[in-house]
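Note sheet for the following structure.
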Amino acid sequence: MSILIDKNTRLIVQGITGRDGGFHATKMKAYGTNVVGGTSPGKAGEMVEGIPVFNTVRDAVNETGANTSVIFVPAPFAKDAMLEAADAGVKLIICITEGVPTLDVVEAYRYIKIKGANLIGPNCPGLISPDKSMVGIMPTMIFKRGSTGVISRSGTLTYEVVYNLTSKGMGQSTAVGVGGDPIVGLYYQELLEMFQNDPETDSIALIGEIGGDAEERAAEYIKKHVTKPVAAFIAGQQAPPGKQMGHAGAIISSGSGTAAEKIAAFEAVGVPVAKEPSQIPDLLKSRL
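So for the sequence shown, the working numbering puts the first residue at 7; every next one is plus one.
Structure representation (structure tokens):
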């Protein structure tokens, strides 16, 4: 089993005629994702590698029964793309675009929730359920079907942890890159609940980084609700206060959001924290 996406996912690609949208639509289709269409205003009737193009998301949903959308449009148009997808009835929206203004995300996220849908991102690599479906820009060759769920704020660290899991014979049920912006959609608590309730996930790898208090809240949630083994890694342990380290959300302010605080929060609830990403497989194996 997997969470969020599987063989039944029917995907549309918003911005499919752009450079990135077209490239990754082809990659997702080649992996086996059921890419049923794409959108690009004014280009209805065109085809991208056998994928039909529609003017609007509503047209695509009506014609294909799409239930999932991935967004590859430039940042100034990302809010409208998210709103359009939610308004058309898409239930899972993945926004890959980086540089989306925070207030745009706040507005889009609220509307998406009102519509009963879920958002992943923005500024994220997407998600993958190995051998079933991949939505985003994940390097599929490092993933292997299995029973470890992965949740990460960092795209590249997702890949490093997954590479080490796969090398140690620990496949993944689903891996989700939540995004590194200050405001994003689905986050640790919601995804931890999904993995806890997934009968084919037996362990969880959580990759965090400095900034905010999401990891501290995740630790509290794990203490109360998660019975499966969890191991964590926190990036940015050497980051000086006041410095933004890579992601817009990775900034320590007023002494809060430090790596030390996050590590202490996890260790206080019995979640081991790796000093290096390569240690996560062994930490999980020791608790299975």
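Every residue, glycine too, gets a C-beta built ideally from N, C-alpha and C. Predicted, not measured: the structure shown is a model, and the values here were computed from it.
Can you list, in chain order, the residues of its chain with a C-beta nearer than 6 Å to that of residue 76? Leave out the 5 residues immediately preceding and following it.
19, 100 and 141
Quick one: using the 10 Å Cβ neighbour count with 16 as the cut-off for buried, is residue 25 buried or exposed?
exposed
C-alpha distance - residue 74 paired with residue 39, whole-angstrom precision
11 Å
So, under 8 Å CB-CB, residue 197 and residue 125 are touching, yes? Tell me the CB distance rounded to an integer number of Å.
Not quite, the Cβ-Cβ distance comes to about 12 Å (not below 8 Å), so this is no contact.
Starting from residue 215, follow its DSSP beta bridges and name the residues at the other end.
241
Quick one: residues in its chain with C-beta nearer than 6 Å to the C-beta of residue 110, no 5 flanking neighbours on either side, listed in chain order?
85
Please return the same chain residues whose Cβ sits closer than 6 Å to the Cβ of residue 222, not counting the five positions on each side in sequence.
271
Within the segment 11-54, note down every full alpha helix (DSSP H) run reaching 4 residues or more, in order along the chain.
25-37
Roughly how many angstroms separate the alpha carbons of residue 146 and residue 70, rounded to a whole number?
25 Å
CB-CB under 6 Å to residue 81, same chain, minus the five flanking residues each way: which ones, in chain order?
103, 105 and 106
Classification of residue 233 by the beta-carbon crowding that lies within 10 angstroms, buried from 16 upward:
exposed
Would a C-beta distance cut-off of 8 Å place residue 132 and residue 78 closer than the cut-off?
no
In DSSP terms, what residue 140 is bridged to:
134
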